[in-house]
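*Asks:*
In our numbering, the protein residues as written are 7 to 137.
#1: Using the C-alpha atoms, what's the distance from residue 39 back to residue 62?
#2: Here's the rule I'm using: 16 or more other beta-carbon atoms within 10 Å means buried, otherwise exposed. How should residue 116 be labelled?
#3: Quick one: measure Cβ to Cβ for residue 134 and residue 87, integer angstroms, because I've assumed they're closer than 8 Å.
#4: Looking at the unbroken alpha helix (DSSP H) that takes in residue 64, where does it start and where does it end?
#5: What did DSSP end up calling residue 128 once you bin it into helix, strand or coil?
#6: Just curious, the alpha helix (DSSP H) that residue 9 is in, first and last residue?
Put into structure tokens, the structure is as follows:
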């Protein structure tokens with residue numbers, strides 16, 4: 007009887023250990039990391055579903071038409087935005103600085119007009135204005 011409960015307890019501890027530490031095979035970990043990296047890259051370059059109301063999370067690449075926009079966060083109460091115009095030069099960012107007082111005003115990014123809805127530490131919200 008003691009042997010039976012000892013066996014059950016050791017199996018339970020073994021399952022908990024494997025669940026917490028994960029598999030040991032490096033090939034499995036490498037495949038999992040590659041899949042996660044490719045999924046993150048695909049998400050970062052995905053065109054937003056709504057091109058009118060645009061949410062820019064900090065550090066993520068958001069594709070808007072032929073432009074890639076990255077919200078870099080805030081520095082001294084100023085929002086930093088990098089715009090890559092892929093038709094012109096996809097490697098060169100054009101830095102834009104927006105102060106909090108500009109909320110509600112219109113700005114131009116990459117040839118398109120936007121109204122600034124909100125500026126936060128983790129995200130920037132814009133609304134596209136018809137040109």
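Cβ coordinates follow ideal geometry from the N, Cα and C atoms, glycine included.
*Replies:* Well, looking at it:
#1: 25 Å
#2: buried
#3: Not quite, the Cβ-Cβ distance comes to about 14 Å (not below 8 Å), so this is no contact.
#4: Where residue 64 is concerned, there is no enclosing alpha helix (DSSP H), given that its DSSP letter is neither H nor E.
#5: coil
#6: 8 to 27
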